[in-house]
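Asker: In this text, residue positions in the sequence shown follow my numbering: the first is 260, and each later residue adds one.
Just so you know, even glycine gets a beta-carbon here, dropped at the ideal spot from N, CA and C.
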Amino acid sequence: MVTTPINIEGIQGLPAVFSNGIKIPATASLVHCSGQIAATPPPGPPRLLEGTIAEKTTAILKGLEKVLAAGGSSLGQLVKVNIYITDFAFFDELNGVYAEMIPNPKPVRTCVCVKALPFGAEIEIEATGWAAQ
260 MVTTPINIEG IQGLPAVFSN GIKIPATASL VHCSGQIAAT PPPGPPRLLE
310 GTIAEKTTAI LKGLEKVLAA GGSSLGQLVK VNIYITDFAF FDELNGVYAE
360 MIPNPKPVRT CVCVKALPFG AEIEIEATGW AAQ
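#1: Cβ of residue 215 within 8 Å of Cβ of residue 376?
#2: Identify the continuous beta strand (DSSP E) that holds residue 334 and give its terminal residues.
#3: Whole-angstrom Cβ separation of residue 390 and residue 356, contact assumed at under 8 Å?
#4: If we ignore side chains and look at the alpha-carbon of each, how far apart do residue 330 and residue 347 end up?
#5: With respect to the alpha helix (DSSP H) encompassing residue 352, which residues constitute its N-terminal and C-terminal limits?
#6: Taking only runs that begin and end inside the region 289-344, name each unbroken beta strand (DSSP E) of 3 or more residues, in chain order.
#7: Given a threshold of 16 other Cβ atoms within 10 Å of its Cβ, counted over all protein chains shown, does residue 378 qualify as buried or as exposed?
#8: Roughly how many angstroms lie between the CA atoms of residue 335 and residue 387, to the nearest whole one?
#9: Within a Cβ cutoff of 6 Å, which residues of the same chain sit near residue 297, ignoring the five residues on either side of it in sequence?
#10: Please state the DSSP three-state secondary structure of residue 284.
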């Protein structure tokens, strides 16, 4: 099963990191992932990981990859990603990691700068992927 990217000339976009739209075959199921932050895994209370935005983005995407896999999906089957950051100065650094870790066709994506995130995190990513039925 293959998704079809929709990229329209004259529509704003950064093709290296996202598609303008994406078409999913009717025979697919969706796997919705809650927002993930770069925190230590259980057991114990979550502690934010130290490091750069690139390191935190990598950790988050690896965590999302595990959730997607449990639902029969993968980073290569993403259709929608929402990214929340607390400073737009992080944008280029997170895009570098994102472009490397997320295969083509890139999913539809939104990136929003917010005032604060849970536990004082600097970045949170939520995603939806498809899985064959």
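Answerer: By the coordinates alone:
#1: This structure cannot speak to residue 215, because the chain is shown only from 260 to 392.
#2: The count along the sequence shown starts at 1 and reaches residue 334 at position 75. Careful: residue 334 lies outside any beta strand (DSSP E) and carries neither H nor E.
#3: Locating residue 390 in the sequence shown gives position 131, counting from the first residue. Locating residue 356 in the sequence shown gives position 97, counting from the first residue. Not really, about 24 Å apart at Cβ, beyond 8 Å.
#4: Position 71 of the sequence shown, counting from 1, holds the residue named residue 330. Position 88 of the sequence shown, counting from 1, holds the residue named residue 347. Going by the C-alpha atoms only, they are around 32 Å apart.
#5: Residue numbering aside, residue 352 sits at position 93 when the sequence shown is read from its first letter. Element bounds for residue 352: 350-360.
#6: 337-344
#7: Position 119 of the sequence shown, counting from 1, holds the residue named residue 378. By the neighbour-count rule (16 or more Cβ atoms within 10 Å), residue 378 is not buried but exposed.
#8: By 1-based counting over the sequence shown, the position of residue 335 is 76. By 1-based counting over the sequence shown, the position of residue 387 is 128. When rounded, the distance between both Cα atoms is 11 Å.
#9: As a working mapping, residue 297 is identified with position 38 in the sequence shown. Within the same chain, residue 297 has close Cβ partners 308, 315, 318 and 319.
#10: Numbered from its first residue, the sequence shown carries residue 284 at position 25. If DSSP states are grouped into helix, strand and coil, residue 284 belongs with coil.
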